[in-house]
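Visitor: Have a look at the structure that comes next, please.
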């Protein structure tokens, strides 16, 4: 009863004092964060011809966008990227391709920054394609090589493009090779390819460059350790980095040891005896000698015909690699295979069928489905 009287009193008070400041007025609706008068500008999709014209004109922005198409997994992007590459191919092939690798901590990025300044001072245009390792857990990459190359990243004659490995060395190698074509068409006559480090990626990079440079540090082992490293067999030139301060004596000693190890290897097909250099990316000492060694090697292989032979061999190699990758993607994306592959996987895990028989039957399903598609198209 008391509660009813209180509510009745409040109603009478509100009726009498409805025009007082005690009344709560209705608020306004929440305003949008973005102005309704703001029209979002949609990014216009460039045509293949516009991409090609921009690349041939040396437009870095369009070149970067075209490389993004190459790296995309979207089938539409892939188709347009292949058209762009095909149209740029007649303007490619006029560069020097150099692969640069080394153990973690050898100073690859610092060395590229230092030697890049030397290269551009000789009126060359430099493109740096850095393959950045991707995380096995998250799948992400830092792509921070530009932050390490601060002195050359703003140079108009230098183009730096980090690319994620995305856990697939073969895939990133193919995309890197296609990126080389676009960079050459854009007018870059020196191309550095920085690998993720000593490992399996070096073989893929070695198959797309004219010269393979191995960076080493002092204290990495004696001649016997150098012989055991299979990566040394691919090296056309070795550079002992960080030869400055108290490390000069150690670097010179390492140079002597590695040079002795290289003498024990058979002469490579190029006919060039690899040489070992020392340099300091901080002080700049030895960088001119390193680049002179690059020019001597290139003159040697151009004179004896190995340059052209190696390029032709690489083109043939990547033709077969492209076939293998296309067939592999076609197999795993085939609807019939996708329908049965989980079933066969469980049979293999349950020891009901061997992995070899499972692979054979899945391939039979794939070829049967491909034959049916061909008949329907005819």
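Residue numbers (the numbering used here): -4 to 373. Glycine included, C-beta positions come from ideal geometry on N, C-alpha and C.
If I measure Cβ to Cβ from residue 169 and keep anything under 8 Å in the same chain, skipping five residues before and after, which residues do I get?
Guide: Here residue 169 is taken as the residue at index 174 of the chain shown, counted from 1. Closer than 8 Å at the Cβ level, and outside the excluded window around residue 169, lie 313, 316, 317 and 320.
Visitor: Which whole-angstrom value describes the C-beta separation of residue 259 and residue 97, a residue pair presumed to lie in contact below a C-beta threshold of 8 Å?
Guide: Position 264 of the chain shown, counting from 1, holds the residue named residue 259. Position 102 of the chain shown, counting from 1, holds the residue named residue 97. Rounded, the Cβ-Cβ distance is 21 Å, inconsistent with contact.
Visitor: Would you kindly report the start and end of the unbroken alpha helix (DSSP H) that includes residue 50?
Guide: Position 55 of the chain shown, counting from 1, holds the residue named residue 50. Element bounds for residue 50: 43 to 51.
Visitor: Is the beta carbon of residue 158 sitting closer than 7 Å to the one on residue 309?
Guide: Along the chain shown, one-based indexing puts residue 158 at 163. Along the chain shown, one-based indexing puts residue 309 at 314. Not a contact, by the Cβ cut-off of 7 Å.
Visitor: Look at the alpha carbon of residue 60 and the alpha carbon of residue 41, and state the distance between them as a whole number of angstroms.
Guide: For this step, residue 60 is matched to residue 65 along the chain shown. For this step, residue 41 is matched to residue 46 along the chain shown. So the alpha carbons of these two residues sit roughly 10 Å apart.
Visitor: Would you list the residues sitting across from residue 153 in a DSSP beta bridge?
Guide: Position 158 of the chain shown holds residue 153. According to DSSP, residue 153 bridges with 121.
Visitor: Could you pull out every unbroken alpha helix (DSSP H) segment of at least 4 residues lying fully inside the region 263 to 345, listed in chain order?
Guide: You should have 282 to 298, 301 to 327 and 330 to 344.
Visitor: Whole angstroms is fine: what's the gap from residue 335's alpha carbon to residue 363's?
Guide: Counting from 1 along the chain shown, the entry for residue 335 is found at position 340. Counting from 1 along the chain shown, the entry for residue 363 is found at position 368. About 13 Å.
Visitor: Taking 7 Å as the cut-off, decide whether the C-beta atoms of residue 122 and residue 83 are in contact.
Guide: Position 127 of the chain shown holds residue 122. Position 88 of the chain shown holds residue 83. In this structure, residue 83 does not lie closer than 7 Å to residue 122 by Cβ.
Visitor: What would DSSP say about residue 81, mapped onto helix, strand or coil?
Guide: Counting from 1 along the chain shown, the entry for residue 81 is found at position 86. The answer is helix: DSSP assigns residue 81 an H, G or I state.
Visitor: Report the option in 284, 276, 274 and 269 whose CA atom is closest to the CA atom of residue 296.
Guide: Here residue 296 refers to the residue found at position 301 of the chain shown. Checking every option, the nearest Cα to that of residue 296 belongs to 269.
Visitor: Quick one: Cα of residue 235 to Cα of residue 330, how far?
Guide: Sequence index remark: in the chain shown, residue 235 carries index 240 (1-based). Sequence index remark: in the chain shown, residue 330 carries index 335 (1-based). Residue 235 and residue 330: Cα-Cα distance of roughly 53 Å.
Visitor: The ligand HEM and residue 294: does the residue's C-beta get closer than 6 Å to at least one heavy atom of that ligand?
Guide: By its list of ligands, the structure shown contains no ligand whatsoever, and the ligand HEM lies outside what it can speak to.
Visitor: Tell me which same chain residues have a C-beta within less than 7 Å of the C-beta of residue 228, skipping the five on either side of it?
Guide: Locating residue 228 in the chain shown gives position 233, where the first residue counts as 1. Within the same chain, residue 228 has close Cβ partners 260.
Visitor: Please list the terminal residues of the continuous beta strand (DSSP E) segment that includes residue 24.
Guide: To locate residue 24, count along the chain shown from 1; it is residue 29. Where residue 24 is concerned, there is no enclosing beta strand (DSSP E), given that its DSSP letter is neither H nor E.
Visitor: For the alpha helix (DSSP H) that contains residue 114, what are its first and last residues?
Guide: Translated into positions along the chain shown, residue 114 becomes position 119. 103 to 116 is the span of the alpha helix (DSSP H), which, as asked, contains residue 114.
Visitor: Measure from the alpha carbon of residue 249 to the alpha carbon of each residue in 328, 274, 280 and 91, then state which is nearest.
Guide: Along the chain shown, read from residue 1 onward, the residue named residue 249 stands at position 254. The shortest Cα separation from residue 249 among 328, 274, 280 and 91 belongs to 274.
Visitor: CB-CB under 6 Å to residue 105, same chain, minus the five flanking residues each way: which ones, in chain order?
Guide: In the chain shown, residue 105 corresponds to position 110, counting from 1. Contacts found: 276.
Visitor: From what residue to what residue does the alpha helix (DSSP H) around residue 255 run?
Guide: The count along the chain shown starts at 1 and reaches residue 255 at position 260. Residues 243 to 257.
Visitor: If the criterion is Cβ atoms closer than 7 Å, does the pair residue 93 and residue 187 meet it?
Guide: Translated into the one-based positions of the chain shown, residue 93 becomes position 98. Translated into the one-based positions of the chain shown, residue 187 becomes position 192. Yes, Cβ-Cβ distance for residue 93 and residue 187 is below 7 Å.
Visitor: Should residue 352 go down as buried or exposed, given a rule of 16 or more other Cβ atoms within 10 Å for buried?
Guide: Stepping through the chain shown from its first residue, residue 352 is reached at position 357. Counting Cβ neighbours within 10 Å, residue 352 comes out exposed, since fewer than 16 surround it.
Visitor: According to DSSP, what are the bridge partners of residue 94?
Guide: Here residue 94 refers to the residue found at position 99 of the chain shown. In the DSSP output, where bridge partners are listed per residue, residue 94 has 188 and 207.
Visitor: For residue 340 and residue 305, what's the separation of their Cα atoms in angstroms?
Guide: Taking the first residue of the chain shown as 1, we reach residue 340 at position 345. Taking the first residue of the chain shown as 1, we reach residue 305 at position 310. Approximately 42 Å between the Cα atoms of the pair.
Visitor: What are the start and end residues of the alpha helix (DSSP H) that includes residue 212?
Guide: As a working note, residue 212 is residue 217 in the chain shown. Premise fails: residue 212 is in no alpha helix (DSSP H) and is neither H nor E.
Visitor: Is it the case that the Cβ atoms of residue 64 and residue 75 are separated by a distance below 7 Å?
Guide: For the purposes of this step, residue 64 is identified with residue 69 of the chain shown, where counting begins at 1. For the purposes of this step, residue 75 is identified with residue 80 of the chain shown, where counting begins at 1. Yes. Within cutoff.
Visitor: With distance defined between alpha-carbon atoms, name the residue in 119, 153 and 88 nearest to residue 108.
Guide: Translated into positions along the chain shown, residue 108 becomes position 113. Ranking the options by Cα distance to residue 108, first place goes to 153.
Visitor: For residue 171, which residues from the same chain have a beta carbon less than 6 Å from its beta carbon, with the 5 sequence-adjacent residues on both sides left out?
Guide: Taking the chain shown and counting its residues from 1, one reaches residue 171 at position 176. Taken in chain order, the residues that qualify are 124.
Visitor: Can you tell me whether residue 359 is buried or exposed? The criterion is at least 16 other CB atoms within 10 Å of its CB, across all chains shown.
Guide: Position 364 of the chain shown, counted from the first residue, corresponds to residue 359. So residue 359 ends up on the exposed side.
Visitor: Taking just the CA atoms, how far does residue 206 sit from residue 189?
Guide: Counting from 1 along the chain shown, the entry for residue 189 is found at position 194. Counting from 1 along the chain shown, the entry for residue 206 is found at position 211. Between residue 189 and residue 206, the C-alpha separation is close to 12 Å.
Visitor: In chain order, what residues of the same chain have a beta carbon less than 7 Å from the beta carbon of residue 342, not counting five sequence neighbours either side?
Guide: Locating residue 342 in the chain shown gives position 347, counting from the first residue. Counting only Cβ-Cβ distances below 7 Å, and skipping sequence neighbours, we find 348 and 353.
Visitor: Checking 7 Å against the spacing of the C-beta atoms, do residue 86 and residue 199 come in under that value?
Guide: Indexing the chain shown from 1 puts residue 86 at position 91. Indexing the chain shown from 1 puts residue 199 at position 204. For residue 86 and residue 199, no; Cβs fall outside 7 Å.
Visitor: How long is the line joining the alpha carbons of residue 383 and residue 151, rounded to whole angstroms?
Guide: The structure shown does not extend to residue 383, since the chain is modelled only from -4 to 373, so the question has no answer here.
Visitor: Beta-carbon within less than 6 Å of residue 119's beta-carbon, same chain only, minus the 5 sequence neighbours each way: which residues are those?
Guide: In the chain shown, counting from the first residue as 1, residue 119 sits at position 124. Excluding positions up to five away in sequence, the list reads 184 and 185.
Visitor: With residue 111 and residue 55 assumed to form a contact (beta carbons below 8 Å), what rounded beta-carbon distance in angstroms separates them?
Guide: By 1-based counting over the chain shown, the position of residue 111 is 116. By 1-based counting over the chain shown, the position of residue 55 is 60. About 16 Å; that fails the 8 Å criterion.
Visitor: Between the alpha carbons of residue 281 and residue 67, how many angstroms are there, rounded?
Guide: Here residue 281 refers to the residue found at position 286 of the chain shown. Here residue 67 refers to the residue found at position 72 of the chain shown. Distance between the alpha carbons of residue 281 and residue 67 is about 40 Å.
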